[in-house]
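In numbering that gives the first Met the number 0, the protein residues as written are 0 to 243.
For each residue, glycine too, the CB sits at the ideal point set by N, CA and C.
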Amino acid sequence: MAARRPQAPSPQERRSTGYVYARLRAMVLGGELPAGSALSQASLAGELGVSRTPLREAARLLQNEGLLVGEPNQRLRVADVSLEDLDQLYAIRMATEAMALRVAVPRMDAGHVTALGEALSQIEERAVDGGDFDEAHRRFHRLLVEPAGERFASLAETSWDHTSRYRVAYLTAVPDVSGALLDAQSDHRRILRAIRAGDGPQAALALTEHYGRTARAVFAGADGDFVPVALDEAIASVRVACRA
0 MAARRPQAPS PQERRSTGYV YARLRAMVLG GELPAGSALS QASLAGELGV
50 SRTPLREAAR LLQNEGLLVG EPNQRLRVAD VSLEDLDQLY AIRMATEAMA
100 LRVAVPRMDA GHVTALGEAL SQIEERAVDG GDFDEAHRRF HRLLVEPAGE
150 RFASLAETSW DHTSRYRVAY LTAVPDVSGA LLDAQSDHRR ILRAIRAGDG
200 PQAALALTEH YGRTARAVFA GADGDFVPVA LDEAIASVRV ACRA
């Protein structure tokens, strides 16, 4: 049976701040609204088919999130991307998710570990057949931190979203994408082996080194002279914590 198409939002839904916020946020994170681009609220309202009131509220929320910047004459600008910002994002992600994974591993039951294995298999299958790799990859990382609690999971989701802007902006800068994917899969398997052994600190260390390898590949491709500072501090801190 053919898959049903998603139902179009109703006129009432289109008038809601939540709808406009979700739509604008997806446009920014997905690169439909490129980093640094200037936006007219009037033009955006017309494009989205919404009134100015929910648009203003949605824009305020996105400014608070650091994705939009307010400018004079009720104009907006999509926040720029920079390697300095990515350095901070990865450092925050490492520190948060390493702690979350150390909390999560003792709480994982056999069913959860099986689900992680299935998610990893799905990543490998989609890397070969061209399926939705990003969604499978996101599911694996979501499962890593979910048992730690909702606050950790929410922070991890936000970090994933913000780094996704950089995947869109800098993916072509990575010189060997296929090799990077193979390295990532090796890292994922190492994380899962530590989890199966019930070793939270080793799983957290493997996750941190996975993020470090990914970040360095992007930095090297985008600017070979860039020296990350926050990233190195985060890795050092996690290593100390995991070996204590």
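Within this structure, are the beta carbons of A203 and R189 separated by less than 8 Å? It is not a contact, given that the beta carbons lie outside the stated cut-off.
Assign A37 to one of three DSSP states: helix, strand, or coil. Strand, per DSSP.
For D133, does the count of other Cβ atoms within 10 angstroms reach 16, so buried, or fall short, so exposed? By the neighbour-count rule (16 or more Cβ atoms within 10 Å), D133 is not buried but exposed.
Between E46 and V104, what straight-line distance do the alpha-carbon atoms span, to the nearest angstrom? For E46 and V104, the distance between alpha carbons rounds to 46 Å.
Can you tell me whether DSSP reads V283 as helix, strand or coil? Examination of residue 283 is not possible in this model, given that the chain is present from 0 through 243 alone.
Pull up the DSSP beta-bridge partners for R101, would you. In DSSP, R101 forms no bridge with anything.
Please state the DSSP three-state secondary structure of V77. In the structure shown, V77 falls within a strand segment according to DSSP collapsed to helix, strand and coil.
Buried or exposed for P53, please, with buried defined as at least 16 other CB atoms from any protein chain shown within 10 angstroms of its CB. By the beta-carbon neighbour count (other beta carbons within 10 angstroms, threshold 16), P53 is buried.
Below 7 Å CB to CB, which residues in the same chain sit around L180 once its five sequence neighbours on both sides are set aside? Excluding positions up to five away in sequence, the list reads A126.
Beta-carbon gap between F139 and L115 smaller than 8 Å: The answer is yes: Cβ separation under 8 Å.
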